[in-house]
Ligand code: ADP
Ligand code: MG
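Numbering (the numbering used here), first residue to last: 6 to 285.
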């Protein structure tokens, strides 16, 4: 037997090993310089996100949630610290980290399927193979329950359908990490409730690593495996809450509401700490 047998995983019925760390943020800060004035948006952020995890960044308006997402996407550079994806430093945008833009980012002059095919153009091996791209696009539309609307123009879709089409396009290049900034702002409550269900269904099936941003505690509780709660600006991680509920979760489920209440209480504490004078 080995001397340090405690560190050797037991064979057979041992607990599954935790998924590997996909994304690592080490002491990431961001200060914007605006007309000679410095705006400190983020204090040092340390965060590890594992493969297949759904992490929600939650905090008051202006606390740096979008900034952090933009840093992960590579649209902005950290002032200090480092972001790595699978151990490699993030320095620019890449199709391994895709931001799901809101519905208006769909091309209105293209049919639904052609929007998805456009997304597939970035995927290695697909670029110059039109038939393969069409077939893959159909699969993605099926996943989103949009196959019947493949040939529809975008303007014929409802708000929820547009959002699903945008999700299909974002997933098309098979990104390692999907980034979603306040995904469902302009939708009515019923459509949102359905989309939350569908998004979780897709998650379970694709096992994507997702980071999304919200200031809605119910959305955070409904979607997140982990909710990272930020302080007011300059944002720092105040605490995190593990949402230990089975999926798919219903946004109106009392247990989800229970977590949402806990998360909201943390936000209120955070808001009391926010220094007035935030840029509007
Ligand atoms: P959130 O998404 O949490 O509402 P943001 O990340 O958009 O917050 O913004 C965090 C802070 O950084 C805010 O005070 C905002 O005004 C500031 N900020 C964001 N982007 C810029 C920029 N490009 N230049 C200067 N200040 C910025
Ligand atoms: Mg924002």
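Even for Gly, the Cβ is constructed at its ideal location relative to N, Cα and C.
Express the C-alpha separation of residue j and residue i in angstroms, rounding to a whole number.
{"i": "residue 186", "j": "residue 122", "result": "23 Å"}
{"i": "residue 2", "j": "residue 98", "result": "Here the chain has residues from 6 to 285 only, and residue 2 is not among them."}
{"i": "residue 284", "j": "residue 225", "result": "Below a pLDDT of 50, predicted positions are generally treated as unreliable, and residue 284, at 46, falls in that range; no measurement from the model is reported."}
{"i": "residue 147", "j": "residue 67", "result": "37 Å"}
{"i": "residue 75", "j": "residue 164", "result": "25 Å"}
{"i": "residue 102", "j": "residue 254", "result": "26 Å"}
{"i": "residue 269", "j": "residue 134", "result": "48 Å"}
{"i": "residue 259", "j": "residue 100", "result": "38 Å"}
{"i": "residue 50", "j": "residue 110", "result": "30 Å"}
{"i": "residue 60", "j": "residue 251", "result": "15 Å"}
{"i": "residue 26", "j": "residue 231", "result": "14 Å"}
{"i": "residue 42", "j": "residue 65", "result": "22 Å"}
{"i": "residue 40", "j": "residue 265", "result": "39 Å"}
{"i": "residue 115", "j": "residue 149", "result": "18 Å"}
{"i": "residue 79", "j": "residue 56", "result": "19 Å"}
{"i": "residue 274", "j": "residue 162", "result": "41 Å"}
{"i": "residue 294", "j": "residue 31", "result": "Summary: the structure shown does not reach residue 294, with the chain confined to residues 6 through 285, and so no result is reported for it."}
{"i": "residue 158", "j": "residue 166", "result": "12 Å"}
{"i": "residue 263", "j": "residue 193", "result": "22 Å"}
Less than 8 Å between the CB of residue i and some heavy atom of the ligand ADP, yes or no?
{"i": "residue 70", "result": "yes"}
{"i": "residue 66", "result": "yes"}
{"i": "residue 60", "result": "no"}
{"i": "residue 212", "result": "no"}
{"i": "residue 176", "result": "no"}
{"i": "residue 46", "result": "yes"}
{"i": "residue 99", "result": "no"}
{"i": "residue 125", "result": "no"}
{"i": "residue 39", "result": "yes"}
{"i": "residue 73", "result": "yes"}
{"i": "residue 235", "result": "yes"}
Mind checking whether residue i and residue j have CB atoms under 9 Å apart?
{"i": "residue 229", "j": "residue 209", "result": "no"}
{"i": "residue 24", "j": "residue 58", "result": "yes"}
{"i": "residue 288", "j": "residue 234", "result": "Summary: the structure shown does not reach residue 288, with the chain confined to residues 6 through 285, and so no result is reported for it."}
{"i": "residue 117", "j": "residue 156", "result": "yes"}
{"i": "residue 45", "j": "residue 29", "result": "no"}
{"i": "residue 244", "j": "residue 70", "result": "no"}
{"i": "residue 143", "j": "residue 153", "result": "no"}
{"i": "residue 93", "j": "residue 124", "result": "no"}
{"i": "residue 227", "j": "residue 261", "result": "yes"}
{"i": "residue 47", "j": "residue 240", "result": "yes"}
{"i": "residue 126", "j": "residue 138", "result": "yes"}
{"i": "residue 257", "j": "residue 198", "result": "yes"}
Would you grab the beta carbon distance between residue i and residue j for me? Rounded to a whole angstrom, and I think it's under 8 Å.
{"i": "residue 160", "j": "residue 222", "result": "No, residue 160 and residue 222 are not in contact; Cβ-Cβ is about 33 Å, not under 8 Å."}
{"i": "residue 188", "j": "residue 105", "result": "7 Å"}
{"i": "residue 73", "j": "residue 90", "result": "About 14 Å; that fails the 8 Å criterion."}
{"i": "residue 246", "j": "residue 267", "result": "7 Å"}
{"i": "residue 145", "j": "residue 168", "result": "In fact, because the Cβ distance is near 14 Å, the residues do not count as touching under 8 Å."}
Confirm the yes/no value for this check: CB of residue i, any heavy atom of the ligand MG, distance under 8 Å.
{"i": "residue 221", "result": "no"}
{"i": "residue 206", "result": "no"}
{"i": "residue 26", "result": "no"}
{"i": "residue 186", "result": "yes"}
{"i": "residue 33", "result": "no"}
{"i": "residue 218", "result": "yes"}
Assess, as a yes-or-no matter, whether the stretch 166-182 is touched by the stretch 206-215 under the definition of 3 or more beta carbon pairs within less than 8 Å.
Touching, yes, given that three or more Cβ pairs across the two stretches are closer than 8 Å.
Segment contact flag, the stretch 65-85 with the stretch 22-37, C-beta cutoff 8 Å, min 3 pairs
The stretch 22-37 and the stretch 65-85 touch, with three or more beta-carbon pairs separated by less than 8 Å.
Does the structure place the stretch 215-235 close enough to the stretch 193-206 that three or more beta carbon pairs sit under 8 Å?
Note that the stretch 193-206 touches the stretch 215-235; at least 3 beta-carbon pairs, one per stretch, sit closer than 8 Å.
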